[in-house]
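Chains as they are written, first to last, in the numbering used here: chain A, 1 to 235; chain B, 1001 to 1244; chain C, 2001 to 2265. Ideal placement from N, C-alpha and C gives every residue a C-beta, glycine not left out. A quick note: this is a predicted structure, and the numbers were derived from the prediction, not measured. Reading through the structure tokens given below for one structure.
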Amino acid sequence: MPTFFERRQLVVPGDLLAEGDYVAGENTFKSNNKIYASRIGLVEYEDNKVNVVALRAFYIPRVGDTVIGTVVEVGFNGWVVDINAPYLALLRASEVLNRSFKPQKDDLTQVLDVGDLVVAKIASYDRTHNPQLSVDEPGLGKITRGQIVKITPTKIPRVIGKKGSMISMIKQETGCHIILGQNGIILITGKSPEDEELAIMAIHKIEEEAHTTGLTDRILQLIRKEKEKKGGLKT
Amino acid sequence: MSQKTEKLIDKKGLRIDGRKPDELRPIKIEVGVLSNADGSAYIEQGKNKILAAVYGPKELHPKHLALPDRMVLRCRYHMAPFSVQERKSPAPSRREIELSKVIREAIEPAVFVEYYPRTAVDIFIEVLQADGSTRCTSITAASLALADAGIPMRDLVAACSAGKVEDMIVLDLNDVEDKVGTADVPVAYMPNLGVITLLQMDGILTSEEFEKAVNLAIEGCMKIYAMQREALKAKYVSVKEVEE
Amino acid sequence: MTAATTVVRVKQKQIAQLIAKGKRLDGRGLTDYREIKIEQGIIERAEGSAKVLLGKTEVMVGVKIETGEPFPDTPNEGVLTVNAELVPLASPTFEPGPPDENSIELARVVDRGIRESKAIDLEKLCITPGKKVFVIFVDIYVLNHDGNLIDASALAAMTALLNTKMFNYEVENGEVKIKPGYTPLPVRRHPVAVTFAKINDRLVVDPWLEEEQIMDARLTITTDDDGNICAVQKGGSGCFTPKQVFEAVQIAKEKAAEIRKKLGW
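Below, the structure written as structure tokens:
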């Protein structure tokens, strides 16, 4: 049962990763008892399972995910939301209004209009139906202020860090409120635009160096250095 | 194909551009060259200069064209008006429509189309300068653009032509060889599974010559495949270095 | 092709299982053609015409001849133009409108076989070098689609060309003057296209519609009278091993020779 790469080595689609009694994990496939990569990424061998951590991938909705999307269409009983996925998501009017929707009376554009940003959860999704969104939890709904950053969705876990260490560090150092959409869209709301810029810079740096070690420390140093440069922020 | 008297193979057995019969033209590949596209690649093979871009997967419009159990792959092969000696009308020709179809069918076996039902992926190929065997060079670039877009694939597809020029079976025809030679055999190949995904031929060949040409083209595909993988990895080499 | 042509799943399975055993649903062997019926000269207004029935697939071809300018790179040769129409009455999947990629591919594969085998002596169609030549329009008209349009169309095109009469003429002050009587079009080769479908990793010759709908890929090999290959086209979103391709070449040569013998070509 040989394997053909070192752990965390860069592989491309079609690379033979392992042969024999292995299980094909994420971004791999099995053919004739051989496991190949199906995406560009870093290979991981865990016990008898072979995974590729993709460097290039797009967001595929999963029920329960928090996502940030843009309203692209106002329909007659709800909104169509672009959630940076191959499928557009639907947000029903009754879901937002918290009561049944009266087409004669309610003007949906008053609630959410084209171009508005929303934080929502994926309520349902399968192969045959587009994802449905829900906003019935605190913190979900229309976004009124803050800045948006878009990163490769596969790198969201890195922004969170081990047990949330990375994200809580950034929140603490910049004083910003940060919402991570699993779809690769991040909302940053700070006391001042400078604070927000600082957090955005840190997130971009994480995206660039997502596959390096000791990242949390380096990002911390980076933020502190930038703060000093700007003569200290009031956080 | 016409019968010019120009010598295409010299006394030493070298071709009009100095290549040996089984030699590829110089190839330069770059991945991720367009910021708007989800995936892209640029390739030069001889004087061929070709850009490929991939958009998607995304919702398919009009919706009735969407398939309930798989992704729809669409491909447009297009030549820029200035890509050839005499200006080409930008309207798609019958040749371009046929090539768009065979290129799509050459790439489709590599893509896990069943993963994303009801979606579409668009492949746009622009031939900026044409120098023979453009369909093969286009396939090589398009398959890299797909990988760059993060579309799950069974393998990269490499493509290369072979043909007959003055009684000799040669690899990777250039423009003159393509136009004046006796036969042209473009081949696309998926090395992992050992299968041919594009095969065309025009000209006249005996079945022995045809077999020889197909096998030579596959050898060319294997060399190009190695370059494809290198080009794809080169884009992420910085990531790798930091890590080590 | 659209969902309207979906083959019932049970039948798909049946077709595939039979092929695995070397048999086919309509009783043919894997390399057998359906019955070929040929009619010539059925359209009086055309200079040449033919209708081919390949099983239930029905294709008509009309040949028209006009005068026109030669291509700049072949000033001494007449011009051959092949066009194909998937007429809406031939199948629920054919839509009215400009030629789509399927009809363009069909026309170009038939064209390639005729052109590359040098079936027509185009130099004999030159009137004034660089200025005026005969233009041969081959129009393929698919009347009923029951699979393997390429082979049926290629046969119909060659039959029509063999049936084509050119008017006699003389050139007076650069003008073409028609004289009484006709001469046959100078046809010297007889290319035959043989198409394979790959189903369950096996090759079958002359697929009918339901086989085409479940096939992984298609391969057409056109050979000339000497058994040389003059055109190849792979179609469909599947693939072939090199071994399958070379096997197909041998079968195509045999089948084409059989057809030529049968038609007296």
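Contacts with chain B (Cβ-Cβ distance below 8 Å) from the region 2227–2256 of chain C involve Gly-2227, Asn-2228, Ile-2229, Cys-2230, Ala-2231, Val-2232, Gln-2233, Lys-2234, Gly-2235, Gly-2236, Ser-2237, Gly-2238, Cys-2239, Phe-2240, Thr-2241, Pro-2242, Val-2245, Phe-2246, Val-2249, Gln-2250, Lys-2253, listed in chain order. Beta bridge pairing from DSSP links Asp-2139 of chain C with C:Gly-2062, C:Asn-2083. Contacts with chain B at 9 Å (Cβ-Cβ) include Asn-27 of chain A.
In the three-state reduction of the DSSP assignment, Met-2215 of chain C falls in the coil class. Taking 9 Å as the cut-off, the beta carbon of Ile-40 of chain A is found no closer than this to the beta carbon of Tyr-59 of chain A.
The distance from the Cβ of Val-2245 of chain C to that of Leu-1199 of chain B is about 6 Å, consistent with a contact at the 8 Å cut-off. Residue A:Ile-167 holds the alpha-carbon nearest to the alpha-carbon of Gly-181 of chain A among A:Ile-167, A:Lys-225, A:Asp-47.
Leu-1014 of chain B has its alpha-carbon roughly 36 Å from the corresponding atom of Gly-1032 of chain B.
Taken through DSSP and simplified to helix, strand or coil, Asp-2032 of chain C comes out as coil. When DSSP states are grouped into helix, strand and coil, Phe-1124 of chain B belongs to the strand group. In the DSSP secondary-structure assignment, Val-2052 of chain C is bridged to C:Ile-2038, C:Val-2059. Within the region 2087–2114 of chain C, contact with chain B at the beta-carbon level (separation under 7 Å) is assigned to Glu-2101, Ile-2104, Glu-2105, Arg-2108, Arg-2112. In the DSSP secondary-structure assignment, Asn-2144 of chain C is bridged to C:Glu-2058.
Straight-line spacing of the CA atoms in Tyr-1116 of chain B and Asp-1069 of chain B works out to 8 Å.
At a C-beta separation below 7 Å, Thr-1197 of chain B has these neighbours in chain C: Cys-2239. Listed along the chain, the chain A residues whose CB falls inside 7 Å of the CB of Tyr-1116 of chain B are Pro-86.
Counted as a single uninterrupted DSSP element, the beta strand (DSSP E) harbouring Pro-131 of chain A occupies residues 129–134. Under the 9 Å criterion on CB atoms, Phe-76 of chain A is classed as non-interfacial with respect to chain B. Under the three-state reduction of DSSP, Met-2166 of chain C is assigned to strand. An exposed status is given to Gly-2068 of chain C, since fewer than 16 other beta-carbon atoms sit within 10 Å of its beta-carbon. In this structure, Ser-1133 of chain B and Asp-1172 of chain B form a Cβ contact; the two beta carbons are roughly 6 Å apart against a cut-off of 8 Å. Contact check for Asn-2163 of chain C against Gln-2040 of chain C passes: the beta carbons are separated by less than 9 Å. Taking 9 Å as the CB threshold, Asp-1202 of chain B lines the interface with chain C. Contact with chain A is found for Arg-1154 of chain B, since one of that chain's Cβ atoms lies less than 9 Å from the residue's Cβ. 9 Å or more divides the Cβ of Val-1170 of chain B from the Cβ of Ile-1196 of chain B. For Glu-2116 of chain C, the C-beta contacts it makes with chain B under 9 Å involve Met-1001, Ala-1183, Met-1201, Asp-1202, Gly-1203, Ile-1204, in order along the chain. For Ser-1100 of chain B, the CB contacts under 7 Å within the same chain, skipping 5 residues up- and downstream, are Cys-1075, Arg-1076, Tyr-1077 in chain order. Under the three-state reduction of DSSP, Met-1071 of chain B is assigned to coil, being neither helix nor strand. DSSP places Phe-2240 of chain C in the strand class (E or B) of the three-state scheme. Between the beta-carbon of Thr-1119 of chain B and that of Gly-1039 of chain B there is about 15 Å, and that puts the pair past the 8 Å contact cut.
If the five residues before and after Ile-1139 of chain B are omitted, its C-beta is found closer than 7 Å to the C-beta atoms of Ile-1103, Ala-1106, Ile-1107, Val-1157, Ala-1159, Ala-1188, Leu-1198, all from its own chain and listed in chain order.
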